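19 is the number of the first residue of the sequence shown in our numbering; add one for each residue after it.
Where a beta carbon is used, it is the ideal one built from N, C-alpha and C, also for glycine.
Treat the numbers as computed from the prediction; the structure is a model and nothing was measured.
Data block below; observations after.
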Amino acid sequence: MAILFDLTDETLHRVLEFVTNDRESLENASVVNTTGASTKSSFLSSCANGTIAKNVLNHPSRDLLFIFSETLIFDGALKGWTLDTAEKDLQFPLGHIRHVTSQPWNSEELFDMAYARSFLHLPRIQTICAYGMLDYLDNELDSEDDELLLTHLDDYLLPFPVSTSPITELTIVGCLRFGAPDSTTACRALTKVRVRVDDELYSYGWPDRKELAEAVMKYKGSLEDLDIDINVSRLPNPDPVLEETYSHMSRIQTVAVPITDFFKGFWSNGVENCIKVVLDRIPQGIQVLKPRSQRFIESWLSSSNDVFLEPYLEGIIELLDEAGLQGRFSKFRVLDLSEAFVDDPIMFATMSIKELARPRGVKCLLYN
Numbered sequence: 019m020a021i022l023f024d025l026t027d028e029t030l031h032r033v034l035e036f037v038t039n040d041r042e043s044l045e046n047a048s049v050v051n052t053t054g055a056s057t058k059s060s061f062l063s064s065c066a067n068g069t070i071a072k073n074v075l076n077h078p079s080r081d082l083l084f085i086f087s088e089t090l091i092f093d094g095a096l097k098g099w100t101l102d103t104a105e106k107d108l109q110f111p112l113g114h115i116r117h118v119t120s121q122p123w124n125s126e127e128l129f130d131m132a133y134a135r136s137f138l139h140l141p142r143i144q145t146i147c148a149y150g151m152l153d154y155l156d157n158e159l160d161s162e163d164d165e166l167l168l169t170h171l172d173d174y175l176l177p178f179p180v181s182t183s184p185i186t187e188l189t190i191v192g193c194l195r196f197g198a199p200d201s202t203t204a205c206r207a208l209t210k211v212r213v214r215v216d217d218e219l220y221s222y223g224w225p226d227r228k229e230l231a232e233a234v235m236k237y238k239g240s241l242e243d244l245d246i247d248i249n250v251s252r253l254p255n256p257d258p259v260l261e262e263t264y265s266h267m268s269r270i271q272t273v274a275v276p277i278t279d280f281f282k283g284f285w286s287n288g289v290e291n292c293i294k295v296v297l298d299r300i301p302q303g304i305q306v307l308k309p310r311s312q313r314f315i316e317s318w319l320s321s322s323n324d325v326f327l328e329p330y331l332e333g334i335i336e337l338l339d340e341a342g343l344q345g346r347f348s349k350f351r352v353l354d355l356s357e358a359f360v361d362d363p364i365m366f367a368t369m370s371i372k373e374l375a376r377p378r379g380v381k382c383l384l385y386n
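Written out as structure tokens, the structure reads:
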């Protein structure tokens, strides 16, 4: 007979699932060894009793422990219980929390931005990762169907801080018509920003590009990593307000944005040079550049001779001509095209890109 904790984690999960869902029994299992401590964590999330403070204070080596992970996780099904428990547990060390993740357990669930907004006020907070966010969710959803979700919303209607939050890294994924710029400007000195509109939520609207540009520019002297994915168009924006902010960031090292952000013009059949690269939008100190377009990959896979992509491939070649120790982009080390172009051996343009990158010390990544 096998020793229980010699079983794989996956098998042990199944055993615990059939044996018990009682919190006390699962907590007792955790004291057997480290395997027990890690395996029972997912089941504790479904037990609506016990206290948050007990879990946190018993594990002082962690930044924050809830559901036995290193992040604070809000699940819609447990939100009411979580907030009730936190209200009763006055010892819950909110003042020591440094990392928070607000993430639905499934892709169909949404959170109002107000829930994540409250964590901006924590005194030692460093990073926030908020997924499934939607502005003013209480106005979008039917209150009868989502009574639990909105029960405690009034307790979380704190205003956005104004340049006072100590956060240095901010990730927001969802649909944020207003919340993305406001969350960004709430911080004192951001070094990393990631804003992405979920493809499944685009119908709710998009962040205002001008407001987002103003928010990003506020940190032009501190931002080192910028990842913005809010454009599904295959054409350059005719009003490049956000696009022209990138080159003003003095400490930026990594930029991941839609490939169209580095181009201007329009598409017209039979017209040459209608779309051209704008190298001045690329920061000279760039080390890692990730121009992305999922639609380009889809077009490539459906037709490898799509002439629409040619101006963009030519623009990438122009960029690499300026790389290398003696070039304008002397610090350029990684060109990540894995979300834009396919590594197609029969395409002359992709072969040229790889051949240009290698002697210039640039690692080139393509979709494979």
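For PRO309, the enclosing beta strand (DSSP E) begins and ends at 306–310.
For ASP226, no beta strand (DSSP E) segment is defined, and its DSSP state is neither H nor E.
Under DSSP, TYR149 takes part in a beta bridge, and its partners are VAL191. Annotation for LEU307: VAL273 and LEU353 place their beta carbon closer than 6 Å to its own, counting only its chain and skipping 5 residues before and after. In this structure, ARG142 sits near ARG116, with a CB-CB distance shorter than 9 Å. When secondary structure is reduced to three states using DSSP, ARG212 falls in the strand class.
Taken through DSSP and simplified to helix, strand or coil, LEU338 comes out as helix.
ALA274 carries a strand assignment under DSSP once its states are collapsed to helix, strand and coil. DSSP places GLY333 within a helical segment (H, G or I) once states are collapsed to three. In chain order, ARG252, ILE277, LEU327, TYR330, ALA358 and PHE359 place their CB closer than 8 Å to the CB of PHE314, counting only its own chain and leaving out the 5 sequence neighbours on each side. Residue range 366–375 is occupied by the alpha helix (DSSP H) that includes PHE366.
For ALA207, the secondary structure class from DSSP, reduced to helix, strand or coil, is coil. The three-state reading of DSSP puts ASP243 in strand, counting E and B together.
Residue burial annotation: PHE129 is buried, with at least 16 other C-beta atoms found within 10 angstroms of its C-beta. Spatial neighbours of ARG214 in its own chain (CB-CB distance under 6 Å, excluding positions within 5 residues in sequence) are listed in chain order as VAL191 and ASP247.
DSSP, reduced to helix, strand and coil, places ASP324 outside both helices and strands of the structure shown, so it counts as coil. Sequence-distant partners of ARG346 (beyond 5 residues in either direction) whose C-beta falls short of 8 Å from its own C-beta, in its chain, are LEU297, GLN302 and GLU340. A straight-line Cα-Cα distance of about 9 Å links VAL295 and GLY283.
Rounded to whole angstroms, the Cβ separation of SER181 and LEU208 is 11 Å, and the two are not in contact under 8 Å. Between ALA231 and VAL259, the alpha-carbon positions lie close to 7 Å from each other.
Counting only the Cα atoms, MET365 lies some 14 Å from SER320. If you check the CB distance, MET369 and PRO377 do not come in under 9 Å.
For the options LEU338, SER348, GLU262 and TRP285, the alpha carbon positioned closest to that of ILE371 is the one of LEU338. Beta-bridge pairing by DSSP links THR119 to CYS147. Scanning its chain for C-beta atoms nearer than 7 Å, with the 5 sequence neighbours on each side dropped, one finds around LEU384 the residues LEU355, SER356, PHE359, VAL360, ASP361 and THR368, in chain order. By the neighbour-count criterion, in which 16 or more other beta carbons inside 10 Å mark a residue as buried, SER268 falls on the exposed side.
A straight-line Cα-Cα distance of about 10 Å links GLU242 and GLU187. The beta carbon of VAL234 lies closer than 6 Å to those of THR263 in the same chain, with the five residues before and after it left out.
Minimum Cα-Cα distance from SER265 among the listed residues VAL118, PHE281, LYS238 and GLY379 corresponds to LYS238. Residue burial annotation: TRP285 is exposed, with fewer than 16 other C-beta atoms found within 10 angstroms of its C-beta. Taking LEU138 as the centre and dropping the five residues before and after it, the same chain places the C-beta of PRO179, SER183 and ALA204 closer than 6 Å to its C-beta, in chain order.
Per DSSP, the unbroken beta strand (DSSP E) holding TYR385 starts and ends at 381–385.
For the pair VAL380 and VAL275, the Cα-to-Cα distance works out to about 19 Å.
Bridge pairing for ASP200: absent [DSSP]. Judged by DSSP in its simplified three-state form, ILE293 adopts strand. For LEU319, the secondary structure class from DSSP, reduced to helix, strand or coil, is helix.
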